[in-house]
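Have a look at the structure below before the remarks.
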Amino acid sequence: AHDTAAALLNRVRKAPDQQVVDRVIAFADGEGLEDLAELWADSPASSLPGAMWRLYLLRHAVREAPSAAGYRFKRGVEVDTVGQAIAGSGSAPSPEEVVDLATEILRGAFTGDFAVALERAAAFARVMAGGSRELISGNGYPQRVADERRRLEGYDAVSAELTTAAALWRSGELH
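In our numbering, each residue's number is its place in the sequence shown (first place is 1) plus 37.
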């Protein structure tokens with residue numbers, strides 16, 4: 038897991054060709070997510086493959102349900118404008134813009150400062166958690182509340198994990 042994550046990240050970051058970045062990002066859109074899960078999903082969040090897995094997983098979650106993700110993000114923006122700014126979102130983004138933002142954040146892992154990409158992803162997850170929190174309040178449907186609570190816990194955990202991973206990357210300890 039560690040070798041594949043390091044090799045992928047280093048190879049793509051050194052490639053001047055934008056098409057290489059596009060292919061690596063698109064890899065997970067088909068059957069590739071299952072391959073990445075097999076390689077990286079069990080890795081601790083404080084490891085490079087664990088951090089990479091969380092980046093891909095965030096994008097996958099919004100890409101699979103763009104309308105729900107867009108609505109959740111929009112609700113989260115209402116309570117976390119700082120997270121919105123760090124993630125790099127405009128106000129009241131459409132579902133397509135939320136998917137594009139998740140893709141842009143993942144792209145930044147390969148083309149920019151990796152720690153910044155992790156921090157942007159953490160902020161993105163924090164906004165999504167805020168949206169889930171808002172959707173829970175005032176919802177009278179127990180199953181929807183339970184589903185949203187599960188999402189809230191997941192987004193909160195990913196946000197904290199990516200924040201830690203960014204600090205570890207900066208200190209040279211994320212391997």
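Yeah, the Cβ is synthetic: ideal placement off N, Cα and C, and Gly gets one too.
The model shown is predicted, which means the values in this text are computed figures rather than measured ones.
Discussion item. Count Cβ pairs between the region 133-140 and the region 185-205 that sit closer than 8 Å; are there 3 or more?
Written reply: no
Worksheet item: Can Val114 be considered in contact with the ligand NAP, in the sense that its beta carbon sits closer than 7 Å to one or more heavy atoms?
Response: Ligands displayed in this structure: none; no statement on the ligand NAP is therefore possible.
Worksheet item: Over what stretch of residues does the alpha helix (DSSP H) that includes Tyr93 continue unbroken?
Response: 85-101
Worksheet entry | As assigned by DSSP and simplified to three states, the class of Leu211 | coil
Worksheet entry | C-alpha gap between Pro103 and Pro132, whole angstroms | 5 Å
Practice prompt. Quick one: grab the DSSP three-state call for Asp117.
Written response: coil
Item to complete: Determine the burial state of Ala44: buried for a count of at least 16 other Cβ atoms within 10 Å of its Cβ, exposed for fewer.
Response: exposed
Worksheet entry | Expected contact under 8 Å - CB spacing of Ala74 and Thr201 to nearest Å | That belief does not hold up - the Cβ atoms of Ala74 and Thr201 are roughly 21 Å apart, past 8 Å.
Practice prompt. Scan the region 129-199 and note each continuous alpha helix (DSSP H) run of 4 residues or more that stays entirely inside, going in chain order.
Written response: 132-148, 151-173
Fill in: Same chain, Cβ closer than 8 Å to Leu211, neighbours up to 5 away in sequence not counted
Ser83, Ser84, Leu85, Ala88, Ala202, Leu205
Worksheet item: How is the alpha helix (DSSP H) around Glu75 delimited, first residue to last?
Response: 70-77
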